[in-house]
Amino acid sequence: MTALTSQISLPSLGGEDRGPLSAVRSGPATTDSPAPATTAGAGTPRVIGLDLSMTATGIATWDGRPLSTVRTVASDGDQRLRRIMVTVRADAYDYVAKTPIDLAVIEDLPTHAHGAGITGMVHGAVRVALMELGVPYALVPPATLKKFATGRGNATKPDMRMALFQRAGLDIRDDNQVDAWWLRAAGLEYLGHPLLELPKAQRDALAKVAWPEAVAG
2 MTALTSQISL PSLGGEDRGP LSAVRSGPAT TDSPAPATTA GAGTPRVIGL DLSMTATGIA
62 TWDGRPLSTV RTVASDGDQR LRRIMVTVRA DAYDYVAKTP IDLAVIEDLP THAHGAGITG
122 MVHGAVRVAL MELGVPYALV PPATLKKFAT GRGNATKPDM RMALFQRAGL DIRDDNQVDA
182 WWLRAAGLEY LGHPLLELPK AQRDALAKVA WPEAVAG
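Going letter by letter, the sequence shown gives residues 2 to 218 in this note's numbering.
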């Protein structure tokens, strides 16, 4: 797995020029990705999947770039939040069309962890970034994502990886990237642009998600 450093020129928000900032990410776990599983075709909604974590945030971008993980180290302290936020903001903006993307799909915190924990800090920073850009976002509970991907709400991480391999032919070793891929797939499924043919019972799991009205499917 290689470390990639990119210079990002963010759009001006609220009259403030953010200037170029650096974001460091690792990945991809594999580049053997079949085009239909990852590449957004003409007319496909611009959707990203985000598996948020202070140490390793998985990202499935809207434009078909390889899956990636934003990795941080504890010694950077709260600067890690800024690094994650900068990266997400860059990935949630279409620099060609000069507009925000259509939807971000985020794996929600477990019910018992709401309102607390380090991952909650990351959720706050990322949601602020998305709100500043005007990108609507949906929160998908872990059990719902698992049922959508595998048919079982108590699926394990290896189950999620295997489902991705069996359904899309993608052998992804990074669990953060696997979750991010399934989150993006869930968003595209809801918007009527499915990446995969899934059983109805799995697709119906997404009915429990509170999708934003701005992107009603």
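The C-beta atom is built at its ideal place from N, Cα and C for all residues, glycine as well. Quick caveat: nothing in here was measured; it's all calculated off a predicted structure.
Per DSSP, cross-strand counterpart(s) of residue i
i	result
S69	I60
Exposure label - residue i; buried when at least 16 CB within 10 Å
i	result
M86	buried
F225	The question about residue 225 has no answer here: the residues shown for the chain are numbered 2 through 218.
S76	exposed
G50	buried
L138	Here residue 138 turns out to be Tyr, not Leu, going by the sequence shown. With 16 or more other Cβ atoms within 10 Å, it is buried.
E190	buried
P200	exposed
A188	According to the sequence provided, residue 188 is Gly. The question's Ala does not apply to it. Looking at its Cβ environment, which holds 16 or more other Cβ atoms inside 10 Å, G188 is buried.
R47	buried
N177	buried
Y174	Looking at the sequence itself, residue 174 is Arg, so the reference to Tyr does not match. When all chains shown are included, R174 counts as exposed.
Among the options, the one whose alpha carbon lies nearest that of residue i
i	options	result
T45	D103, P137, K147, T88	D103
A202	R185, F166, G188, R153	R153
T219	V89, T112, V136, H113	Missing from the structure shown is residue 219; the chain here goes from 2 to 218 and no further.
E198	G59, A169, T112, N177	A169
I60	Q167, M132, V179	V179
May I ask you to verify whether the region 121-129 touches the region 152-164, counting CB pairs closer than 8 Å and requiring at least 3?
Touching, no, given that fewer than three Cβ pairs across the two stretches are closer than 8 Å.
Check whether the region 68-85 and the region 142-162 touch, using three or more Cβ-Cβ pairs below 8 Å as the test.
Segments in contact, no.
Touch test, the region 55-64 against the region 199-207, Cβ-Cβ under 8 Å, three pairs minimum
The way I'd put it, the region 55-64 doesn't touch the region 199-207; fewer than three beta-carbon pairs between them come closer than 8 Å.
Between the region 100-111 and the region 127-139, do three or more beta carbon pairs fall short of 8 Å?
Touching, yes, given that three or more Cβ pairs across the two stretches are closer than 8 Å.
Quick one: complete beta strand (DSSP E) runs, 3+ long, within the region 79-135?
Entirely contained in the region 79-135, the beta strand (DSSP E) runs reaching 3 residues are, in chain order, 104-108.
Length at least 4, wholly inside the region 133-184: the alpha helix (DSSP H) runs in chain order:
Within the region 133-184, the complete alpha helix (DSSP H) runs of at least 4 residues are 143-151, 158-169.
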